[in-house]
Amino acid sequence: MITRKKCVLGMALLALPGLLSSASADTLRLALAGEHQSVDPHFSRTSPNQNTASNIFETLVSVDEKMQMGPLLATSWENINPTTWEIELKQGVTFHDGSTFDAADVISSVERIPNVEDSPSSFISLVSSIASIEALSDHKLRVTTKAPAPDFMEQIGGVYIIPSELGVTIKSADFDAGKATIGTGPYKFVSWTPNESLILKANEQYWGEVPGYSDVVIRYIPNAASRVATLMAGDVDAIDQVPPSDVAVVKARDGLEISSSISGRMIYLHLDSDRDKTPFIKGMDGAEISNPLRDKRVRKALSLLIDRNRIVEHIMDGRAVPTGQMVPESFIGYNPEIPTPAYDVDGAKALLAEAGYPDGFSLTIHGPNDRYVNDAKVIQALSQLFARGGLKSSVEAMPKSIYFKSASKREFSVFLVGFGTTSGNSSRGLEQVLSSYNKEAGIGTFNRGRFSNPAFDDVMARATATFDDDEKEQLLKEAATIGFVEEQGVLPLYFEELIWAHSNRVAYKSGPVERTLAADFSPVR
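Under this note's numbering, the first residue of the sequence shown is numbered 1, with each subsequent residue one higher.
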């Protein structure tokens, strides 16, 4: 029998006057490039949303600095048979309102996922494998999956847990207003002013390590130059997404330090490869033509026109790693036999001619101008490289708040995006970016170009169904070969280097996961 709890939805959210401008040893002031679209932890799986959620809410599992999964709100789990899991939950954990964490909260959180409205990047793929979930006791769950799911704990382990008393139909607006923003994390929500700041206060009853700062003010400054200037002026203690070109300048300033780490975020070009007509590709004369991206020879030609090493050296100032696949070396699924694609203009022209485009075609490359490091500069460089191959290329960059909604609606033809692998293996990225789109199954949710290949899907189905680690790794390598070498389903460019700058009065624990969490900062005493 599950113990009922009392939950106060309307938490007392006290204003903290002066935090935005005043410096204090007990106050951490951050300036971040990316702002969440909602404080609702189930609204979107995009990095800015999960960054905010991870300050306030917690999941069943954690990922360490080596990208390996470990316990968090779940203490242990056992695969009873191929479709049955039992999960032990941590005891003695309370939510910010004082109510007790138990199995009912996990069940309710899972059941809420499909009810979140207008999500630009749904969590459905994390719960779609579940056939049933039940509480065996206050702190033990039994979950039955629809089919064998070896990665099940990675999936359910990514769901943020909220109090069951909020129900499964609670609106995102209630989280944004603070009425429902109740987690078990190290920081409590105080207020959010969109396009300006998020204010947090330490959870003094936190079950884990007590946060280093009692108060946190997070400002949102999408412009990189302004973000760096704010740090240099001493108005904030730390910033994320430092432009590679500014690293030397920051290092030269007394009292400032740089922290960095190569991430698992693959920056790549998505290609609209399934429609007969695509909106931003025309003939050289501007006339309508059939979609050339359906031909893998054309996709390969575009890849050959990309000088990845030059982009990394000149635009990213060497602070990125060129790639031709989903995950970097040391991740499970990395295939050492897949080289970084060569830059070969003549080879590209030959493939275009072979595919029936000897005179090229015109295209527009779309991308955000405030999401990834130097994103607008990268798409401009890509346009120039494509022009060298005889294509008429232009670019259109826009704020991420507009861009990703349009990308999800399939309004582009060739467009820049990124996918951050946080699980230590390539399985989820391959399944979400390259598997055939299947909304009901939660597969291909990031496949905005709708690439589809039966051989790839078959290999991934076997990779995600096997409980044999060695077999899984070999299948993931095979899938990478099909997706990136044989079919060019998307065009990988490079792995971003994560770069933070901060005061030397602040210690920061950096890692390969794309998060800038208040709990990872501590004062230098």
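Cβ atoms here follow ideal geometry from the backbone N, Cα and C, with glycine treated the same way.
Computed from a predicted model, the values in this text were never measured in an experiment.
From the options, residue whose alpha carbon lies closest to that of residue i
| i | options | result |
| --- | --- | --- |
| residue 450 | 437, 367, 368 | 437 |
| residue 508 | 43, 152, 211 | 211 |
| residue 339 | 349, 322, 354 | 322 |
| residue 189 | 195, 176, 196 | 176 |
| residue 515 | 304, 495, 499, 463 | 499 |
| residue 354 | 300, 327, 412 | 300 |
| residue 237 | 32, 54, 170 | 32 |
| residue 502 | 512, 518, 444 | 518 |
| residue 224 | 370, 151, 100 | 370 |
| residue 36 | 50, 241, 100, 25 | 50 |
| residue 421 | 102, 200, 325, 296 | 325 |
| residue 99 | 184, 441, 510 | 184 |
| residue 213 | 30, 124, 239 | 30 |
DSSP state of residue i mapped onto helix, strand, coil
| i | result |
| --- | --- |
| residue 146 | coil |
| residue 403 | helix |
| residue 153 | helix |
| residue 17 | Reliability of the predicted coordinates at residue 17 is poor, the pLDDT of 37 falling under 50, and the value obtained from them is presented with this limitation in mind. In the structure shown, residue 17 sits in coil (DSSP, three-state: anything other than H, G, I, E or B). |
| residue 60 | coil |
| residue 266 | strand |
| residue 219 | strand |
| residue 378 | helix |
| residue 199 | strand |
| residue 308 | helix |
| residue 349 | helix |
| residue 314 | helix |
| residue 456 | helix |
| residue 319 | coil |
| residue 190 | strand |
| residue 114 | helix |
Residue environment, residue i, which counts as buried when at least 16 other CB atoms sit within 10 Å
| i | result |
| --- | --- |
| residue 314 | exposed |
| residue 39 | buried |
| residue 75 | exposed |
| residue 488 | buried |
| residue 234 | exposed |
| residue 288 | exposed |
| residue 196 | exposed |
| residue 253 | exposed |
Span separating the alpha-carbon of residue i from that of residue j
| i | j | result |
| --- | --- | --- |
| residue 504 | residue 257 | 6 Å |
| residue 22 | residue 232 | Reliability fails at residue 22, whose pLDDT of 44 lies under 50, so the model's placement of it is uncertain and no value is given. |
| residue 424 | residue 410 | 29 Å |
| residue 479 | residue 430 | 8 Å |
| residue 383 | residue 416 | 12 Å |
| residue 194 | residue 481 | 43 Å |
| residue 494 | residue 523 | 34 Å |
| residue 149 | residue 107 | 18 Å |
| residue 28 | residue 255 | 16 Å |
| residue 283 | residue 492 | 26 Å |
| residue 179 | residue 247 | 40 Å |
| residue 215 | residue 187 | 9 Å |
| residue 446 | residue 434 | 8 Å |
| residue 127 | residue 113 | 8 Å |
| residue 341 | residue 268 | 13 Å |
8 Å Cβ cutoff met for residue i and residue j
| i | j | result |
| --- | --- | --- |
| residue 182 | residue 97 | yes |
| residue 293 | residue 307 | no |
| residue 91 | residue 139 | yes |
| residue 160 | residue 42 | yes |
| residue 111 | residue 168 | yes |
| residue 393 | residue 448 | no |
| residue 69 | residue 209 | no |
| residue 274 | residue 406 | no |
| residue 230 | residue 218 | no |
| residue 116 | residue 54 | no |
Proximity test, residue i beta-carbon vs the ligand ADP heavy atom, cut-off 7 Å
| i | result |
| --- | --- |
| residue 209 | Annotation note on the ligand ADP: not contained in the displayed structure, which lists no ligands. |
Any chain B beta carbon closer than 8 Å to residue i
| i | result |
| --- | --- |
| residue 488 | In the structure shown, chain B cannot be found, because there is only a single protein chain. |
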